[in-house]
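Heads up, the thing below is written out as structure tokens.
In this note's numbering, the protein residues as written are 1231 to 1711.
Below is the structure:
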């Protein structure tokens, strides 16, 4: 007979996973996938203790995997976009002209702003990072900018846009769960997002101005520019794939179809502009672009430098398979933990201690972070915490937009820091830098949480419910101190 897990049993699942991943992945460099499966085995042991059958655990895993299928579709679409955008010359053109105009001293702040704009317009941190971000990483390598710094600024810009864009899935999900108007939600998030981003840009400028100018190798840059110039025939049509993405964003079209349409346009541009083969265009969708494809245009692939080869040999659906497998392994653990009731027990333990505003917002942050670091996705934490705490905010006289904002501050913003999470693995795969290296430079991602707690203590930026918006039974409201 099924019973409720104890707090010790519930916490032990999270502790086991943290230790397994921390020691196995961090110290022994074991792949994250078997460690997540090992954690799932321990979670299944706890599930068996509380009376779950294997069929129930399997169903819990299946439900979780079903919920994340849209993310997997986007992953595969991103792989296709990267491969075809290199094939068309869209990404290389960004790198080419970026190297010509970006000042190394202001690279970090420029990278942040560029990716933030692209991400806000498209509603996806992944898409903006995999396109503009990839180009900027190539520029950073040639300008001598440390790649963890560059990745941190790029990811911070991507998450900034993903958080504030009305086209983003989490930006729509948080107000939907909490019953807040979408644009009221976005405006309320400015309280934490803007100051965190301003501080980040100031730091990026200071760091850039204090870096040694001698790290830039002008000979290497000129050689890279010459190689790119020989491969691609630069023209304005190379911006067409990018224009398709912005068109889809402006007219609020579905993300995956728009990305595939952009890729189709990129194949046409690559054939007509660069003389690449028709079949190679489709190969770039599956296996990514490869310098051997330039042979069809009359160039000798062996004459291309290793630097350029590493820069443009990328993309394709198969480049995303590692992430997809990791998602499945992660959900094997998360699905069992959820169906066993462990997360509910942990949240109940926090909830029983709530008596002040900062307690409630602190519980929201801790609970969201726990779920994000357990499940590796932000949507689950937004749904669970939003559902569990909506009434608590109302009873304490707080407008639900405080909840929706905090859900994103502690969900969307912290997600890139989860090494075994979808985003952490995605950024490692696409940018070549993992969370353990870039986290310190993704400044707004953790400063938003800091500002959320500062406002919780001071009351600044915390909107109260108006008299007519209070719960029906005001006697049940928690006394705010």
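Ideal Cβ placement from N, Cα and C applies to all residues, glycine included.
The structure displayed is predicted, hence computed values, not measured ones.
CA-CA distance, residue 1569 and residue 1664? 30 Å
Which residue marks the beginning of the alpha helix (DSSP H) containing residue 1491, and which one marks its end? 1485–1504
Quick check: the segment 1426–1444 against the segment 1319–1337, are there 3 or more CB pairs under 8 Å? yes
Compute the distance between the beta-carbons of residue 1545 and residue 1309, then report whether it is under 7 Å. yes
Sub-7 Å separation of residue 1389 and residue 1362 beta-carbons: no
Counting only runs of 4+ residues fully inside the segment 1518–1560, write out the alpha helix (DSSP H) ranges in chain order. 1536–1542
Which residue from 1586, 1549, 1317 and 1494 puts its Cα closest to that of residue 1464? 1317
DSSP three-state assignment for residue 1443, whether helix, strand or coil: Confidence is the limiting factor: at residue 1443 the pLDDT is only 48, short of 50, which leaves the residue's position unreliable and the question unanswerable from this model.
Hey, would you say residue 1459 sits closer than 7 Å to residue 1534, going by beta carbons? no
Can you name the start and end residues of the alpha helix (DSSP H) that residue 1263 belongs to? 1262–1279
Have a look at the DSSP bridge pairing and note the partners of residue 1712. This structure gives no information on residue 1712, because the portion of the chain shown stretches from 1231 to 1711.
In three-state terms, what does DSSP make of residue 1620? helix
Which of the three DSSP states, helix, strand or coil, is assigned to residue 1393? helix
What residue range does the alpha helix (DSSP H) around residue 1375 cover? From DSSP, residue 1375 is part of no alpha helix (DSSP H); its letter is neither H nor E.
Rounded to a whole number of angstroms, what is the C-alpha to C-alpha distance between residue 1233 and residue 1580? 20 Å
Sorted by chain position, which residues of the same chain lie with C-beta nearer than 6 Å to residue 1313's C-beta, five sequence neighbours on each side aside? 1514, 1515, 1518, 1519, 1545 and 1546
Would you call the segment 1278–1285 and the segment 1475–1491 in contact, with 3 or more CB pairs under 8 Å? no
Leaving out the 5 sequence neighbours to the left and right, which residues in its chain are closer than 8 Å to residue 1343 when beta-carbon positions are compared? 1387 and 1431
Using C-beta distances below 7 Å, list every residue in its chain close to residue 1658, excluding the 5 sequence neighbours before and after it, in chain order. 1664
Neighbour-count burial assignment, residue 1443, 16 or more Cβ in a 10 Å radius: Confidence at residue 1443 is low in this model, with a pLDDT of 48, below 50, so the placement of that residue should be treated as unreliable; the coordinate-derived value is given next. Counting Cβ neighbours within 10 Å, residue 1443 comes out exposed, since fewer than 16 surround it.
Any idea if residue 1354 is buried or exposed, counting beta-carbon neighbours within 10 angstroms, 16 or more meaning buried? buried
Measure how close the beta-carbons of residue 1587 and residue 1628 come, nearest whole angstrom, since I'm counting them as under 8 Å. 7 Å
Mind listing, in chain order, the continuous alpha helix (DSSP H) runs of no fewer than 4 residues lying wholly within the segment 1569–1615? 1572–1581 and 1587–1605
Whole-angstrom C-beta distance between residue 1347 and residue 1739, which should lie under 8 Å: The first residue shown for the chain is 1231 and the last is 1711, placing residue 1739 beyond what the model contains.
Leaving out the 5 sequence neighbours to the left and right, which residues in its chain are closer than 6 Å to residue 1696 when beta-carbon positions are compared? none
On the premise that residue 1365 lies in contact with residue 1566, defined as a C-beta separation below 8 Å, what is that separation, rounded to the nearest angstrom? Contact doesn't hold; Cβ gap of about 40 Å is too wide.
Among the candidates 1370, 1562, 1250 and 1272, whose CA atom is the shortest distance from the CA of residue 1288? 1562
I need the DSSP call for residue 1291, collapsed to helix, strand or coil. helix
Buried/exposed call for residue 1654, threshold 16 Cβ in 10 Å: buried
Judging by CA-CA distance, which residue of 1235, 1236 and 1276 is the nearest neighbour of residue 1247? 1276
For residue 1631, count neighbouring Cβ atoms within 10 angstroms of its own Cβ and tell me buried if that reaches 16, exposed if not. buried
Residue 1413 by DSSP, collapsed to three states: which one? helix
In whole angstroms, what is the alpha-carbon distance linking residue 1508 and residue 1497? 8 Å
Given residue 1270, which residues of its chain have a CB within under 7 Å of its CB, disregarding the five upstream and five downstream residues? 1562, 1563 and 1566
Between the C-alpha atoms of residue 1399 and residue 1530, what's the straight-line distance to the nearest angstrom? 44 Å
Sequence ranges, alpha helix (DSSP H) only - wholly within the segment 1659–1696, length at least 4: 1665–1668 and 1673–1688
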